[in-house]
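A short write-up of the structure that comes next.
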Amino acid sequence: MGIEEQQTAPGATDRLVVFDTTLRDGEQAPGCSMTHREKLRVARALADLGVDIIEAGFPAASNGDFDSVSSIAREIRGPAICGLARCHEKDIRRAWEALQHAERARIHVFIATSPIHRKFKLKLSREEVIRRAVEGVRIAREFCADVEFSAEDAARTERGYLAEVLSAVIEAGAGTINVPDTVGYAMPGEFASRIAYLREHVHNVDQAVISVHCHDDLGLAVANSLAAVESGARQVECTVNGIGERAGNCALEEVVMAVRTRSEHMGVTTNIDTTRLYPASRLVAAVTGVQVPRNKAVVGDNAFAHEAGIHQHGMLAHQETYEIMRPEDVGMGRSRLVLGKHSGRHAFRERIGSLGLELDEPELDRAFMAFKQLADRKKQVYDEDIEALVLRSDAAEVGEWRVAGIAIRSGGPGPASAEVEVIHADGRRVQAQATGDGPVAAAFRAIDTVTGLDCELKSFDIRNVTDGDDAQGEAVVTVGHGGRVFQGKGFDTDIIVASAQAYIQAINRICALAPGHTTFDAAESA
Ligand code: KIV
Ligand code: ZN
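Going by this note's numbering, the sequence shown opens with residue 44, and the numbers climb by one from there.
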């Protein structure tokens, strides 16, 4: 069933609309920023997954956001593409400009409704908030038939007033009314009763789909979303791996598998191809550098691992004694050992497809060449290696700077030293030398002298991508610059090279954002 059909009979259907905001709420979390190319890659994975709506960004927030939403709207077919906007004419026009070429577009307008936001952030009366909300929806409807309205901080808004706001925006033409728990404050029973109240008191509620958008500050985002669905919400807003502001958003994979595994209890179904969940999770983890904890529900490495003898015994006797879902249901049943140096292009292409990494022909050529080079150095090339080399080539494409070579001297009596050669996109080759407490610190300092950027190292992590003494290292670096946080990743069998690549990637992200980046009045931001 399409979203249009869903909206002709809101509330009366058992279809749960999955609204993914990985590229908007997820991406705006510190350290989760993605490049244009990475966003497109994630958008393709979301379309494969079968999400109904992709919230692709906040076009008025920056030129980069605008360009990404616009490219996703032009390229992605299947899901509706959504852009966020404040209830300001300028924002809404900008959102529509970015969305206009989508197969199906949605404009999502929002304004805060809770007393604390009205008083301290907006400095607006109740009446003025309603007036602006209605005006925002009306303007959005002039451009687009599919308009969603969010009452930011709805979970802390007076119930009666919230019902009034939502009735007014439905009257103005909103087809979806979203009830966000913006600060992750709600409790499941309480949130469910709020939704039940709205179903009873919003007089025209049958003309809209009720949506929920829960943050995870108390670890309750999924529980609150499911409680709301039990109470009649028919859209959930979520992100892959639950990435998002602070503790994150409702995790898409968890809410989808809960609804599927307990379908008899929940009474709703989604359009998600659950076998794409694990590949999508891995992709988002690799792109953002935010690792999935081993014990994370549904997609964590240990989610299906049975260690205790008594569990293993039960599993051998009957799988369902200890397993309510099968690893293959979420796309985890793949073989770990994949390719070697004799593997051909055809096998490589197949593996890329099954990892959810869609590549065009030139990208495939580049990735295949990188694979051959890696296979010469490593006996066995695993899925994780292939993901790493594809993402590394994505990162190299967008960068202003690239690491060409690095020579290290460390372990002696004095400080470590690094000699780094980097290449600028304009062809300049620059070398620099620096010392530091260790080889990594020396390499970062040498890079600083080349780029001249003043950035503060906030965190540095290194891990092996696979097992084995020939494993690639993955370095993740987070730096602060201009009040914002940027992340970079690097992959190489040499961990100093991986670290330098990660540092350069973070710097490239700063450079990519600098031209044309605009921020709006923080007092009114989401
Ligand atoms: O958390 C929130 O309230 C939001 C809205 C903009 C939907 O992200
Ligand atoms: Zn949010």
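Think of the CB as a built atom: it goes at the ideal place given N, C-alpha and C, for glycine as much as any other residue. Every value quoted in this text rests on a predicted model; they were computed, and no experiment measured them.
Taken from the Cβ of residue 223, at least one heavy atom of the ligand KIV lies inside 6 Å. Distance from residue 522 to residue 493 at the Cβ level is roughly 15 Å; contact not present, criterion being Cβ atoms closer than 8 Å. Annotated three-state conformation of residue 64 is coil, per DSSP.
Closest option to residue 294, judged by alpha-carbon separation, among 384, 250, 316, 340: 340. For residue 59, the three-state secondary structure derived from DSSP is coil. Residue 106: member of the alpha helix (DSSP H) spanning 106-118, first to last residue.
Between residue 462 and residue 489 a beta carbon distance of about 7 Å is seen, short of the 8 Å cut, so the two are scored as contacting.
Residue 418: member of the alpha helix (DSSP H) spanning 404-420, first to last residue. In the structure shown, the three-state DSSP call for residue 345 is coil. Around the C-beta of residue 168, fewer than 16 other C-beta atoms lie within 10 Å, and the residue is accordingly described as exposed. Straight-line measurement puts the Cα of residue 117 at about 30 Å from the Cα of residue 412. Around the beta carbon of residue 468, a 10 Å sphere encloses fewer than 16 other beta carbons of the protein chains shown; the residue is thus reported as exposed. In its chain, beyond the 5 residues on either side, 446, 449, 486 have a beta carbon closer than 6 Å to the beta carbon of residue 543.
The region 184-198 makes contact with the region 141-150: 3 or more CB pairs, one atom from each, lie closer than 8 Å. Under the criterion of beta carbons closer than 8 Å, residue 284 and residue 324 qualify as touching, at roughly 5 Å. With respect to the C-alpha of residue 179, the residue from 136, 513, 362, 503 having the closest C-alpha is 136. Bridge partners of residue 532 according to DSSP: 519. In the three-state reduction of the DSSP assignment, residue 162 falls in the helix class.
Exclusion of residue 160 from the 6 Å shell around the ligand KIV follows from its C-beta lying no nearer than that to any non-hydrogen atom of the ligand. For the region 271-320, the full-length alpha helix (DSSP H) segments reaching 4 residues or more read 295-304, 306-309 along the chain. The Cβ-Cβ distance between residue 551 and residue 442 falls below 7 Å.
The region 194-202 and the region 220-238 touch, with no fewer than 3 CB-CB distances between them shorter than 8 Å. For the ligand KIV, a non-hydrogen atom lies closer than 6 Å to the CB of residue 68. Its chain contains 374, 398, 399 as the residues whose beta carbon lies nearer than 6 Å to that of residue 322, once the 5 sequence neighbours on both sides are disregarded; these appear in chain order.
Spatial neighbours of residue 304 in its own chain (CB-CB distance under 8 Å, excluding positions within 5 residues in sequence) are listed in chain order as 367, 368. Between residue 315 and residue 330, the CB-CB gap reaches or exceeds 7 Å.
Judged by pairs of C-beta atoms under 8 Å, the region 156-175 does not touch the region 214-222, as fewer than three such pairs exist.
Of the residues 531, 311, 113, 267, the one whose Cα lies closest to the Cα of residue 498 is 531.
About 12 Å separates the CB atoms of residue 222 and residue 258; that is not less than 8 Å, and the two are not in contact. If you look at residue 172, you'll find it in the alpha helix (DSSP H) that goes 169-186. Of all alpha-carbon atoms in 268, 138, 342, the one lying nearest the alpha-carbon of residue 253 is that of 268.
The secondary-structure analysis by DSSP pairs residue 125 across a beta bridge with 98, 149.
A distance below 8 Å between beta-carbons, with the five flanking residues on each side excluded, links residue 430 to the following residues of its chain, in chain order: 325, 326, 329, 398, 400. Annotation for residue 71: no residue places its beta carbon closer than 6 Å to its own, counting only its chain and skipping 5 residues before and after.
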